[in-house]
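Heads up, the thing below is written out as structure tokens.
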Amino acid sequence: MLAFPRNSDPLLIAALALWAGAAVAAPPERVVSMNLCTDQLAMLLADPGQLVSISNLALDPLSSAMVDEARAYPINRGGAEQIYLMDPDLVLAGTYTARASVDLLRGLGIEVVQLPPADRLEDVAAHMRQIGAALGHPERGEAMARAFEADLAALGHTGPAATAAMYYPNGYTAGSGTLSDQILSLTGFRNVGAEAGLTGGGILPLERLVMAEPQVVVTSTPYPGASRSEEILAHPALRQLRDGAAQAHVRDADWVCGTPHLLNAIRTMADARAGLDVAP
Amino acid sequence: MTLRITALVLLSLLVALLFLASLLIGPAALGLKQSIGALLSGEGGPVALVMQEIRLPRALLGLLVGAVLGLSGAAMQGFLRNPLAEPGLVGVSSSAALGAVLSLQTGLAASFALALPLSALAGAALAVLLVLFMAGPHGGALALILAGIAISALAGALTSLVLNLSPNPFAVMEIVYWMMGSLADRSMTHVWLALPFMILGCGLLLATGRGLDALTLGEDAARSMGVDLARLRLLIVLGTASAVGASVAVAGAVGFVGLVMPHLLRPLVGGRPSHLLPLAALGGAAMVLAADIAVRLIAPDQDLKLGVLTALVGAPFFLHLLWRMRGVEA
Amino acid sequence: MTLLELDHLTLRRAGKPVVDDVTLRVAAGECVGLIGPNGAGKTTLMRAALGLLPHEGSSNLARLPLGERARQAAFLPQSRDIHWPVTVDAVVTLGRALQGSGKLHPEDRRAIDRALMRMGLDGYRDRIATALSGGEQARVLIARALAQETPLLLADEPVAGLDPEAQLRTMQVFADLAREGRGIVVSIHDLGLAARFCTRLVVLDHGRIVLDAPPRAVLSDPRLSEVFGIRGFLADTPDGPVFQPMAVTR
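Pasting the structure below:
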């Protein structure tokens, strides 16, 4: 795992000095986050005690990359009533967070910052800066964003592209214009989902995946408790396809949000691509 | 007599054609010769994989699920002497779905292979018993429909509850699948899981023919002609539960097939329940295969649910039946 | 030869006897008319005798296995249910189809033909039974019972709701069958028809047998008017006794 600038980082001290003269509005004192991605960015960027509560999803090991850190915080379930009673002066939410809850909180006079999902790698750094600024620590956001951009540049792949497909429950895949698609291109892959004509997320019928014969198949880790949606990941046809293809073991939690942990996922894909060049 | 034989032959042909079409139609555009060759030889890389592991199980399940639903609809109608009796309408399918969902969510299904179909079977059997009990010896339509509504609603609510409480975030999205049914992305594993129960169930139901014929004249007349009603009831309960349970366990609850087909085909066999059984099985197979083909043609990338199409055909049909019965029963 | 043997047959509902200690013998050649007011227990007695209802006491039919029972006695229930639009031929065939392997032998075919002829249904074979008139449907159902060609036939109100011609024809068939050596038990409300065609009348009241004698004796017995609450006119004609209910006595 990468180390990121925290309070003791020399970079941060430099940044602090840079920003010392600027007139900064008083940072919010009680911040509540109700979205998995803002949870993680806020944990990384807030002062101790500044972040009052994070969402319950932050504790889910399959979606959250920061479960251990999350245990230190009180948990909220995203209901406006619960959040209002926490007396926040800033609420962080996603743009897809329950609209009714967000409207209600705004109506009650609480400032809500909504973060859209990161659809492009460029968004990730922008989000870091945005959350840093919202928390009253723009210098930390800036430092995190710079580190991210530098690491990203180092992971780019040049040379011929191999084929890869993302495959999730219900046959869901990432098409063009998605973060996953961009990560695949960056690490030297052609995305089967995009080549099948899908824009954004969509369903790729299993037989079209099989016919495309991707060299790498990226799938998710099943959740506990059964679901028919995930059964497709155990389908004999997919199993045979994966036996023939290289596999990328990525943690879903690393893919989900535009946080520094995304670099883990990108690094895994870069390694998988490098492995393809060695294997045959 | 000859009409019945002709109908049997024509329906068999239709089923064979639809089965073939089901094999040949799919989101991946494959050549006719190429796909048949790959299906039979197992050679041809991804084409063989698509044909043998994706299209074949889907077509087989369409055939089996349809046959089972048509047959059990005809048998239930014969036994209750009521054209409205149907596994979907009277709650047998939704109870089977509840059984299946319970075994999946409690982890029972993972403990041994047959746990899933057996749980669905148990759910279905419970519903059949309840329906037979509620409908009473004279098979009044009102009692049957009310019992069906109650059982369906209860089983549906419990299924939703179980899925809502599941730790798996996808489970709640599956309520629709269990209520409407789908054959998308099934594998041969599912075929092997369901097939023995379906064969058993069909065997039991086909053995009811003579008893059902006699029941045309009512229970007393049938018994005085030597029909063992207790045995007949047992055959119906076990046969329906086994066949419908297995079908729902792998494909969800597809409605209306058991209602439409027996009613549509009854005139061709002069109303005789025993002759209707095999014909309704063929008709059901044709209906589900056709619906599953339509699902793929209308919305190839959307996983449209099978039950949507069967209900689009079946529900107006059901209203028409009720309309006609309105005059008969005040 | 005795075809029906009921000994102390008793059937209770909610503790009250509906059939109360009935002992009855019916021999070959008899046409026994079972009469009594509504609720006297005629239908229940027949169903219990056939083993269709749990009972105390004994019935020789109820002791037989189902298949054998169907070869000994045919039953014509009161409700004339024909639930599906089947042909007349299919209905009558049911009388034979359940015996043996289910395959129809030439002998079965002949029995079906005889039953159809006897009920005057020869031209009706391919008609849809449910599309016929009520009287015609009743005849079809009788033909079904006849096709079983059993030594004993129990018919529960076979002439109720039929027109006079159909009533006479039906009762004549039963009388003829008795004369040919079969045993007939027929429950009937029309005392005139009972007087005219039965060889013996059994009067049932509150589940008990009150009278059991030839028609002439039963219809002239004062206990008859106690049971039914009517008085009637009885006369002898060359065709047999004639009985006509005249007035209510209570």
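Protein chains in written order, with this note's numbering: chain G, 1 to 280; chain Z, 1 to 330; chain S, 1 to 250. Backbone N, C-alpha and C fix where the C-beta goes; we use that ideal spot for every residue, glycine too. Just so it is clear, the structure is predicted and the values come from calculations on it, not from any experiment.
Residue-level contact by beta carbon fails for Z:Met76 and chain S, as no gap is shorter than 8 Å.
At a cut-off of 8 Å between beta-carbon atoms, G:Gln247 makes no contact with chain Z. By the Cβ-count criterion, Z:Gly31 is exposed, with fewer than 16 other Cβ atoms from all chains shown falling within 10 Å of its own Cβ. Within the segment 189-223 of chain Z, Arg210, Asp213, Ala214, Thr216, Leu217, Gly218, Asp220, Ala221 and Arg223 place their CB atoms closer than 7 Å to a CB of chain S, listed in sequence order. Using a Cβ distance threshold of 8 Å, Z:Pro300 and G:Pro205 count as a contacting pair. Secondary structure note for G:Ile83: its alpha helix (DSSP H) is the uninterrupted segment Ala80 to Leu85. Three or more beta-carbon pairs drawn from the segment 293-308 of chain Z and the segment 179-191 of chain Z are found closer than 8 Å, and the two stretches are therefore classed as touching.
Residues of the segment 228-244 of chain Z whose Cβ lies closer than 7 Å to any Cβ of chain S, in chain order: Asp228.
Taken in chain order, the complete alpha helix (DSSP H) segments of 4 residues or longer contained in the segment 214-243 of chain G are 228-231. The count of Cβ pairs closer than 8 Å, one atom from the segment 146-161 of chain S and one from the segment 69-78 of chain S, reaches three, so the stretches are in contact. S:Leu64 and S:Lys42 have their C-alpha atoms spaced approximately 22 Å apart.
With contacts defined as CB atoms closer than 8 Å, Z:Val254 and Z:Gly307 qualify as a contacting pair.
Within the segment 21-60 of chain S, the complete beta strand (DSSP E) segments at least 3 residues long are 31-35 and 56-59, listed from N- to C-terminus. Taking a Cβ-Cβ threshold of 9 Å, none of the residues of chain Z is close to G:Gly200; the smallest such distance is about 13 Å. Counting along the chain, no alpha helix (DSSP H) covers G:Met166; the unbroken beta strand (DSSP E) around it starts and ends at Ala162 to Tyr167.
Checking the DSSP bridge columns, you'll see G:Gly94 partnered with G:Leu115. In this structure, DSSP gives S:His8 an extended state, which the three-state scheme calls strand.
Looking at S:Phe243, S:Leu52 and S:Gly232, the one whose alpha-carbon comes closest to that of S:Arg196 is S:Phe243.
Interface flag for G:Arg208 against chain Z is set, since a Cβ pair is found closer than 8 Å. Taking all protein chains shown into account, G:Gly171 has 16 or more neighbouring C-beta atoms within 10 Å of its C-beta and is therefore buried.
Between the segment 159-167 of chain Z and the segment 100-109 of chain Z there are three or more inter-stretch CB-CB distances shorter than 8 Å, so the stretches are counted as touching. The criterion of a C-beta distance shorter than 8 Å is satisfied by Z:Gly88 and Z:Phe256. Excluding the 5 residues flanking it on each side, G:Pro116 has same chain C-beta neighbours closer than 7 Å at Thr95, in chain order.
The closest CA to that of S:Val88, considering only S:Val210, S:Glu149, S:Ala138 and S:Leu201, is found on S:Ala138.
Take G:Ala80, set aside five residues on each side of it, and the residues of its chain with a beta-carbon closer than 6 Å to its own are Ser101, Leu104 and Leu105, in chain order. When Cβ-Cβ separations below 8 Å define contact, Z:Gly258 makes no contact with chain S. In the DSSP annotation of this structure, the continuous segment of the alpha helix (DSSP H) that includes S:Val218 starts and ends at Pro215 to Leu219. Beyond the five residues adjoining it in sequence on each side, S:His83 comes within less than 7 Å, by CB distance, of no other residue in the same chain.
The beta carbon of G:Tyr223 falls within 8 Å of a beta carbon belonging to chain Z, placing the residue at that interface.
The segment 156-173 of chain G and the segment 128-142 of chain G do not touch, with fewer than three beta-carbon pairs separated by less than 8 Å. The beta carbon of G:Ala194 sits closer than 7 Å to the beta carbons of Gly175, Ser176 and Asp181 from its chain, once the five residues preceding and following it are set aside; these are given in chain order. Going by DSSP, S:Arg118 is part of the alpha helix (DSSP H) stretching over Pro106 to Arg118.
Neighbours of S:His83 in chain Z, taken as residues at a C-beta separation under 7 Å, are given in chain order as Arg81 and Thr216. Per the DSSP secondary-structure output, G:Val32 pairs in a beta bridge with G:Ser53 and G:Val91. Counting C-beta pairs with one atom in each stretch, the segment 198-216 of chain G and the segment 31-50 of chain Z have three or more that are closer than 8 Å, which means they touch.
The C-beta separation of Z:Gly70 from Z:Gly284 comes to about 2 Å, placing the pair in contact by the 8 Å criterion.
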